[in-house]
Structures are given as C-alpha cells and as structure tokens.
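Numbering (the numbering used here), first residue to last: 273 to 827.
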C-alpha cells in the first residue's frame, strides 16, 4: 500500500492494527507494551496540547532524549499538530544545545532520557516551553516544564486524521559532523516516502511485508539512519519496536527481543566481535568452524548468545567497516549487509548484501539514485528524489553542497565496471605533512583495521615529518601481555611500512590510554572518529613520538 506520508501510514495501522503491540519499553526484567491504538491516543493528546500553545503553523519543535517510547509518540504528535521536528543528541552540553536551539529557531522542547541534563539545561533559554518525559531511573531528573503524564491525563485526544502536505517540511536534522558548525538538513515529508517508493520492489531491508517484523532500537533516533530504518519502516511496513534500557542492560535486552532486523554501526560490530573472541580465541573458533556438525552448533550458540538467532538481516552503516569484521560475521553465519549514505540524502544511496558484494565496496546504487565521481577531486556525487531541500537558513552552504541537483558527499571514491562504489577517503581528511606531501589517512588505516588487537584507530600527521597511528585495544588484546601485543603490532607495522612510500611510512603506533568516546570528544554521537579532536589531544606529544624512534609506544 502506498502512503503519501508517514502520518498516513500511522493512521492506517492505528485503525487496522489497533490491538497489536507496537512499542516495548524495558524496566529491569519487566517490559511494558503499548498497542498501536494506545500510541495513537497518547500522540493525539500530546498533539492537542501542542495546538493549545498557539504556536505558528509549521513551528520547529525540539526533541532531546535517548531512545524510548515517548520519543516515537512525541514525533507523531509533532506531525499531527502540523509542526516540524528538530531532534538532538541526548549527550549535548549546555553550549552545544544552546547553539542548535538558536540555529534551528526552536519554539518548544521535548526533554527526556539524558544523563547530562544538569549541564544541558544551562543552554536552554529560560523562556523556552519544555515538555518533560517521565523520569527513567539512572538518568537525570528533569523538573522544569510540563509533565508528560499530566498532558496524557488532562488533554482530550485530537479528533480525526489531520494530514500534512507531502511537500512540506518534515524534519530538520543537525549533522553531528567532525568539524565546523552543525548544519540543519531539511527533509520534506516526501523525502522519506521517496526512499520507500524507489526501493519497495527490491525490499533492501528484507522486511516481512505482512508486518511480522521486530526491531531493536538503541542507536540515537535523532540520527537519520536509525530513524529511517527503525521508526519510519515500522510505520510503513509494520513492525514492533523494542528499546534498550541502558548500556549495561543492552545485552540482556537484545537477548529478550531477538529482533528480525538488527542495525548497528561498525563500532558496535567491532565490540561484538571482540566480546566473542574474548570468550573463544580466533584459532579455536576457526578450528571448530571447520568441523561440520560442531560448526553448526557453535554458530547457533553464538547467534543465540547475542540475541540474533532470529535475525533475517543484520545491517551496518553510518561509517566504514573493516572488511575483516564483515568476514568474521560471515564466517559465524551472521553475514552483514552494508548501507552507505548521509543525512543529506536521507540515509542511503548505496547498499550491498552478502550474496552480492565486493570486499572494500559499499555496493551499487539503490533504486532512484544516480552516482558519479567528480573528475577533478574524485569526490562522490549523488542525485536522487530524496536529496535534502537544503540546509536550514544557509543558502550559501546549500549552494556549495548541491550543484544542478548533484549532492557533494565529501567522500572520495571510484566506481568499478560493475557499478560498485569504493570509498577512498574524505576530501577534508587529506592532510599535508612537513615534507609537503599529501596523505589520505584511510589508505594507511585500512592496512591495520583487520587486526583483532585493534578496536579504534586514527592516523595523524598534519605538519609532521611522518604520520603516527593512534590506536585503542580490543577486549581480546587487553587480555594478553604487553609484550605479546607489542610484538603483533610491530610485525604488522614492519610489513606495512615495507610497502609504503617513504613519506607515508608510519613513525610509530601509539596505544592510547583511554578509548575514543563521545564524552572525551574524540567520537561523534554516531561513533565516527573526530580526527581534528584526536590530533588536538595529542598535538604536544606527536613530534616527540616521531623522534623517539620507538615503533610501538604505550601512552
């Protein structure tokens, strides 16, 4: 069935699937479930409250919270009330949220599950109306604004099915970005529906068209990939959504849900791989997988232990994934499908599945997408009906990014004879050494990212005589002695440097004393490494490490 907008899809399920379960929220060992009809009633009540605020039509409504049932309900209510959602990461500082609230002209803010409200609230203007979600244990207690439960108790549900113009603005998503001021990507209601129309025949997410889908939501819903895969596809195709309670409860929650679709970024797949290898060393695992009967038992045990034994598709995206990680999961019977895209093209332009993939590629274009390579810069350009309308109140940046309908992705790449796209680097990541030579970091990083000892890595070298590779260790490596890990890294470094041009040779591998995290500002909220911030953290020691002549250094 074709739906003009996500809201039309929800109205259909609210009526036809009234008593079927939709949202599942965990509280310790217990789960609470809302049906489609219950979600509809709550969304309609919140929509009534929003309308009572007498905001101008199409006002921008902020939404800051970790994933939970209220997030989805609030998003539906914003659409029902005729407004535009502006979602934010729940980890923002006071200064950061002040900036995006201002840039996004936010008129009202939903605030929910976050652990940093005490800092964040300093950036929320004193006169801004706030609606606070119910308190979740382990998160900040928000005392400001109108209480969610009071709205549900006091307001009458909005009557009728108010529709929205597909060409009107659906959402403004601020890019997390690795550098610079956040940019507000404007997507129309028709943007996400164009994705659905163009890919419906191929069904790249391998969804059950009768609606028997179970999703597990833990990546930030304000990110276009999680929102597009989880929230939007649940409405269009029909799916139950279960949330995770916390990082600590993630494994148990995932095992409880056993989703049919599981979407995770490469960092999560790397950690899952590390957890498996910490329990069963690579050599032993490979030995068992060669024995037919034991292989089936081992694969089944691993899948069930992860909670992925019912998954029909496992997706990776939002950042590049090491081919070694993909091969690992394929070998244990959990092959990954890879998606490539960005906020500006509504999450996806390319996708490849295990049965039609090439190592190192992000696959062919999906339906409705055109792709070409800029002959001068090797930048990847895409054109599709779901490309953003532009950056909010930034016509200059929009003009720099979209030319004749072609979106400049910022990635560099090549397209082979079969139409598969291979990414070779980032336009802005390329740096010049002290020898006036340009280095593309990913070319060198890719020679190390298959090592099971390494969990994260970042090549630095701007203005230096030689580059330095900063790494963090995997769970398996941390269980080994320092001498053993040093020897493994030294062996690989010697092999890599032996094949590199002199100016590209890595002067040292530095094992960081702490992981790259969102909290220390070395990762974006979508878990991409912030190269400039990592460089800044180590800037005063880089030259010393180059001069030290020690090949492997423990910070």
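Glycine included, C-beta positions come from ideal geometry on N, C-alpha and C.
Taking a 10 Å sphere around the C-beta of residue 374, we find fewer than 16 other C-beta atoms and assign the residue as exposed.
Counting along the chain, no alpha helix (DSSP H) covers residue 357; the unbroken beta strand (DSSP E) around it starts and ends at 356–360. Close CB contacts of residue 797 within its chain, under the 8 angstroms cut and outside five residues either way in sequence, are with 361, 363, 448, 492, 495 and 790 (chain order). Only residues of its own chain outside the window of five on either side were considered, and among them 649, 651, 682 and 684 have a CB closer than 7 angstroms to the CB of residue 699, listed in chain order. DSSP, read as helix, strand or coil, puts residue 746 in coil. Taking the Cα of residue 401 as reference, the smallest distance to any Cα among 333, 524 and 481 is reached at 333. For residue 603, the CB contacts under 7 angstroms within the same chain, skipping 5 residues up- and downstream, are 561 in chain order.
Restricting attention to alpha helix (DSSP H) runs no shorter than 4 residues, the stretch 549–603 encloses them at 554–561, 564–578 and 595–603, ordered along the chain. Residue 817 is classed as buried because its beta carbon has at least 16 other beta carbons within 10 Å across all chains shown. Using a Cβ distance threshold of 9 angstroms, residue 656 and residue 679 count as a contacting pair.
Annotation: residue 318 to residue 424 spans about 7 angstroms, alpha carbon to alpha carbon. Remark: three or more beta-carbon pairs, one from each stretch, lie closer than 8 angstroms, so the stretch 570–588 and the stretch 525–537 are flagged as touching.
826 is the residue among 399, 474, 826 and 750 whose C-alpha sits nearest the C-alpha of residue 784. Exclusion of the five residues before and after residue 353 leaves 319, 322 and 323 as the residues of its chain whose Cβ lies within less than 6 angstroms of its Cβ. Three or more beta-carbon pairs separated by less than 8 angstroms link the stretch 516–530 to the stretch 477–492, which places the two stretches in contact. Secondary structure note for residue 465: its alpha helix (DSSP H) is the uninterrupted segment 461–471.
Under a 10 Å Cβ-count criterion, residue 728 is classified as buried, with 16 or more other Cβ atoms of the shown protein chains found around its own Cβ.
In terms of Cβ geometry, residue 294 and residue 310 form a close pair [threshold 9 angstroms]. Nearest to residue 745 by C-alpha distance, out of 547, 601, 481 and 393, is 547. Beta-bridge pairing by DSSP links residue 486 to 512. The beta carbon of residue 799 lies closer than 6 angstroms to those of 537 and 539 in the same chain, with the five residues before and after it left out.
In the three-state scheme derived from DSSP, where H, G and I count as helix and E and B as strand, residue 297 is classed as strand. Within the stretch 288–340, the complete alpha helix (DSSP H) segments of 4 residues or longer fall at 308–324, listed in chain order.
Across the set 639, 637, 654 and 638, the C-alpha of 654 shows the shortest separation from the C-alpha of residue 645. With a cutoff of 9 angstroms on beta-carbon distance, residue 716 and residue 739 are scored as near each other. Annotation for residue 522: the continuous alpha helix (DSSP H) segment containing it runs 522–529. Distances from the CA of residue 348 to each of 398, 304, 434 and 386 were compared; the closest alpha carbon is that of 434.
DSSP, reduced to helix, strand and coil, places residue 807 within a helical segment of the structure shown. For residue 471 against residue 638, the beta-carbon gap comes to about 6 angstroms, under 8 angstroms, which counts as contact.
In this chain, the beta strand (DSSP E) harbouring residue 693 covers 693–698. Annotated three-state conformation of residue 663 is strand, per DSSP. Shown here for residue 516: same chain residues with a beta carbon closer than 8 angstroms to its own, the five before and five after excluded, namely 298, 339, 488, 489, 490, 522, 525 and 526 in chain order. Annotated three-state conformation of residue 818 is helix, per DSSP. Beta-carbon to beta-carbon, residue 550 and residue 751 are separated by about 6 angstroms, close enough to satisfy the 8 angstroms threshold. With 16 or more other Cβ atoms from the protein chains shown falling within 10 Å of its own Cβ, residue 593 counts as buried.
With fewer than 16 neighbouring CB atoms inside 10 Å of its own CB, residue 675 falls in the exposed class.
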